[in-house]
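Novice:
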Amino acid sequence: MNDQLDAYWMPFTANRQFKQAPRLISRAEGMHFWTPEGRKVLDGVAGLWCVNAGHARPKIVEAIRAQAAEMDFAPPFNMGHPKQFELAERLVKLTPPGLSKVFYTNSGSESVDTALKIALAYHRVRGEGQRTRLIGRERGYHGVNFGGISVGGMVANRKMFGAMLAGVDHIRHTHDTRNLFTRGQPEHGADLADDLERLVALHDASTIAAVIVEPVAGSTGVLIPPKGYLERLRAICDKHGILLIFDEVITGFGRLGSPFAATHFGVTPDLMTVAKGLTNGCVPMGAVFASQKIHDAFMTGPEHLIEFFHGYTYSGHPLACAAALGTLDTYADEGLLTRGAKMAATFENVVHSLRDHPNVIDVRNIGLVGGIELKPIDGQPGKRAFSVFLDCWEKGVLIRTTGDTIALSPPLIIENQHIDQIIGTISDALKRAA
Ligand code: PMP
């Protein structure tokens, strides 16, 4: 093993395997990465679902550079700097009406735990402090902090860490084998939202604070919500006074061809978490959008010095705000928040061309997200997909796999020839993997 690779303990990585055959990238521009040796690799996953405008965009680079020179840090508590306010004003113009307040964090995981805490505190400031139960969903991914893994539904992320948050339950996931090879939203499964009524019957609505779901689950295999499902979840939450949280860390900022999944599906949550595309992945940043109603509850409560006992040293960091403003400019200049809608039909057709491979057992897509599910090799879940990942990397295309599903989420600047190259490379790799 190369000694220089020894000290770094890599996240979500088989460190021992990686260090036997490291994969390094050291430069990026537009749709591509380059290895230190100069090999060009097409980015089929927008880095990690985040570089929505493509890499090294000049307005973002310049905004960060200028901000670093002007003011490197500003204390976030009881102090403000202009870009925090400017960014918030611009962001709430993009969100569905009603989501009019922004709380800054530094990652998707922090956004999730912040949203859960806002939900709990909201009920308490209104005198309904008995609403402490949080509901997630099977096959949910909400980051890796304790709130997120508790409401999340991935056993691998939970099983090593003992007790989770108390008082958490889960509704069923939305994967339904009647929907295999559906293009866009599946027909079957709106009634899976009724599983929330089962938990209401079990626990009583008066104990439930909030339900959190990803409108489109990404990290657990690209699960698209069945037609009518999110609407039904919204209606059940309204009926019982339960807050609905959308985790839009992946779906936010144009991934589906609309600014947010909430805008795309026409269903507005009470709280919405974002990260990734907020700064085009350039500087770590996340945010929680809250409804006016939730914010008002804190502002009209008994007078205190502090309304919400929560925040991070780097909340609204100047470099992150500058990066986000440069990102919003880039999205606006190039119409990127809706570009996915223009590319979606081509992307869909090309992705679905993979269905005839013998080991492909499902293809799912919406906007510029695709999931290609492979037949697992007996007793070795994820192995076939990972071998396809390695093959594609060798052939110059970066994809991502999650379990037995290949997940695609290219930068929104993608052109037809890139789509052909990504899918052609996967197709060849699938032939070899067979
Ligand atoms: N929520 C969702 C839906 C995500 O997809 C992710 C990351 N993939 C997170 C939360 C966590 O974000 P981060 O890795 O920035 O903490």
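Residue numbering for the sequence shown follows this note's numbering, beginning at 428 and increasing consecutively.
Heads up, the beta-carbon is just placed ideally off N, CA and C, and yes, glycines get one too.
Keep in mind the model is a prediction, meaning the values are calculated, not measured.
#1: Let's see if you can read the secondary structure: which residues bound the alpha helix (DSSP H) around serine 577?
#2: For the ligand PMP, is there any heavy atom lying closer than 7 Å to the beta carbon of tyrosine 568?
#3: Taking all protein chains shown into account, do 16 or more other C-beta atoms lie within 10 angstroms of the C-beta of phenylalanine 530, making it buried, or fewer, making it exposed?
#4: Just to confirm, is the Cβ distance from leucine 752 to glutamate 516 under 8 Å?
#5: When DSSP builds the beta bridges, which residues end up paired with tyrosine 531?
#6: Judging by CA-CA distance, which residue of Asp433, Pro485, Arg661 is the nearest neighbour of glutamate 761?
#7: Quick check: what's the CA-CA separation for histidine 597 versus glutamine 494?
#8: From arginine 558 to glycine 507, what does the alpha carbon distance come to, in whole angstroms?
#9: Taking only the alpha-carbon atoms, compute the straight-line gap between arginine 561 and valine 638 and give it to the nearest angstrom.
#10: Is the distance from the Cβ of proline 745 to the Cβ of asparagine 479 below 8 Å?
#11: Judging by CA-CA distance, which residue of Glu464, Ala771, Phe735, Leu683 is the nearest neighbour of asparagine 505?
#12: Would DSSP call alanine 490 helix, strand or coil?
#13: Give a single yes or no on whether aspartate 622 has its beta carbon closer than 7 Å to a heavy atom of the ligand PMP.
#14: What residue does the alpha helix (DSSP H) around glycine 767 start on, and which one ends it?
#15: How many angstroms separate the CA atom of histidine 600 from the CA atom of glycine 743?
#16: Compare the C-alpha of leucine 671 against each of Arg827, Arg610, Glu658, Arg782 and name the closest.
#17: Whole angstroms is fine: what's the gap from methionine 428's alpha carbon to phenylalanine 445's?
#18: Look at the alpha carbon of alanine 483 and the alpha carbon of threonine 634, and state the distance between them as a whole number of angstroms.
#19: Residues in its own chain within less than 8 Å of proline 653 by CB, not counting five upstream and five downstream?
#20: For valine 539, is the classification buried or exposed, using 16 other Cβ atoms within 10 angstroms of its Cβ as the cut-off for buried?
#21: Could you check whether the segment 807–819 touches the segment 703–710, counting it as contact only if at least three pairs of C-beta atoms, one from each stretch, sit closer than 8 Å?
#22: Report, in whole angstroms, the separation of the C-beta atoms of valine 796 and leucine 835, which I expect to be a contact under 8 Å.
Specialist: So, from the listed chains and residues:
#1: If you number the sequence shown from 1, residue 577 lands on position 150. 573–578 is the extent of the alpha helix (DSSP H) around serine 577.
#2: For this step, residue 568 is matched to residue 141 along the sequence shown. Distance from the C-beta of tyrosine 568 to the nearest heavy atom of the ligand PMP is below 7 Å.
#3: As a working note, residue 530 is residue 103 in the sequence shown. Per the 10 Å Cβ criterion, buried.
#4: Working through the sequence shown from its first residue, we reach residue 752 at position 325. Working through the sequence shown from its first residue, we reach residue 516 at position 89. Cβ distance not < 8 Å, so leucine 752 and glutamate 516 don't count as in contact.
#5: Within the sequence shown, numbered from 1, the residue matching residue 531 stands at position 104. Residue pairing by DSSP places tyrosine 531 opposite Ala714 in a beta bridge.
#6: By 1-based counting over the sequence shown, the position of residue 761 is 334. Residue Pro485 is the option with its Cα nearest to glutamate 761.
#7: Mapped onto the sequence shown, residue 597 falls at position 170. Mapped onto the sequence shown, residue 494 falls at position 67. Their backbone Cα atoms lie some 43 Å apart in a straight line.
#8: Sequence index remark: in the sequence shown, residue 558 carries index 131 (1-based). Sequence index remark: in the sequence shown, residue 507 carries index 80 (1-based). Rounded to whole angstroms, arginine 558 to glycine 507 spans 33 Å at the Cα level.
#9: Counted from its first residue, the sequence shown places residue 561 at position 134. Counted from its first residue, the sequence shown places residue 638 at position 211. Correcting the residue type first, residue 561 is leucine in the shown sequence and not arginine. Leucine 561 and valine 638 have their C-alpha atoms some 6 Å from each other.
#10: For the purposes of this step, residue 745 is taken as residue 318 along the sequence shown, with counting starting at 1. For the purposes of this step, residue 479 is taken as residue 52 along the sequence shown, with counting starting at 1. Taking C-beta atoms as the reference points, proline 745 and asparagine 479 fail to come closer than 8 Å.
#11: Taking the sequence shown and counting its residues from 1, the one referred to as residue 505 is at position 78. The shortest C-alpha separation from asparagine 505 is found at Phe735.
#12: Counting from 1 along the sequence shown, the entry for residue 490 is found at position 63. Assignment of alanine 490 by DSSP, reduced to helix, strand and coil, places it in the helix class.
#13: Along the sequence shown, one-based indexing puts residue 622 at 195. No, Cβ of aspartate 622 sits at least 7 Å from all heavy atoms of the ligand PMP.
#14: Translated into positions along the sequence shown, residue 767 becomes position 340. Annotation for glycine 767: the continuous alpha helix (DSSP H) segment containing it runs 763–779.
#15: In the sequence shown, counting from the first residue as 1, residue 600 sits at position 173. In the sequence shown, counting from the first residue as 1, residue 743 sits at position 316. Just so you know, the alpha carbons of histidine 600 and glycine 743 end up roughly 34 Å apart.
#16: Against the sequence shown, residue 671 aligns to sequence position 244. It is Glu658.
#17: Here residue 428 refers to the residue found at position 1 when the sequence shown is read from its first residue. Here residue 445 refers to the residue found at position 18 when the sequence shown is read from its first residue. Interpretation of methionine 428 is limited by its pLDDT of 48, a score under 50 that renders its predicted location unreliable; no figure is taken from the coordinates.
#18: On the sequence shown, position 56 is the one that residue 483 refers to. On the sequence shown, position 207 is the one that residue 634 refers to. Roughly 47 Å separates the two Cα atoms.
#19: One-based indexing of the sequence shown puts residue 653 at position 226. Result list for proline 653: Thr601, Asp603, Asn606, Gln612, Pro613, Glu614, His615, Gly616, Ala617, Leu619, in chain order.
#20: Looking up residue 539 in the sequence shown gives position 112. Here valine 539 is buried, its C-beta having at least 16 other C-beta atoms within 10 Å.
#21: Fewer than three Cβ pairs drawn from the segment 807–819 and the segment 703–710 lie within less than 8 Å of each other, which leaves the two stretches out of contact.
#22: Here residue 796 refers to the residue found at position 369 of the sequence shown. Here residue 835 refers to the residue found at position 408 of the sequence shown. Sure, about 7 Å apart at Cβ, within 8 Å.
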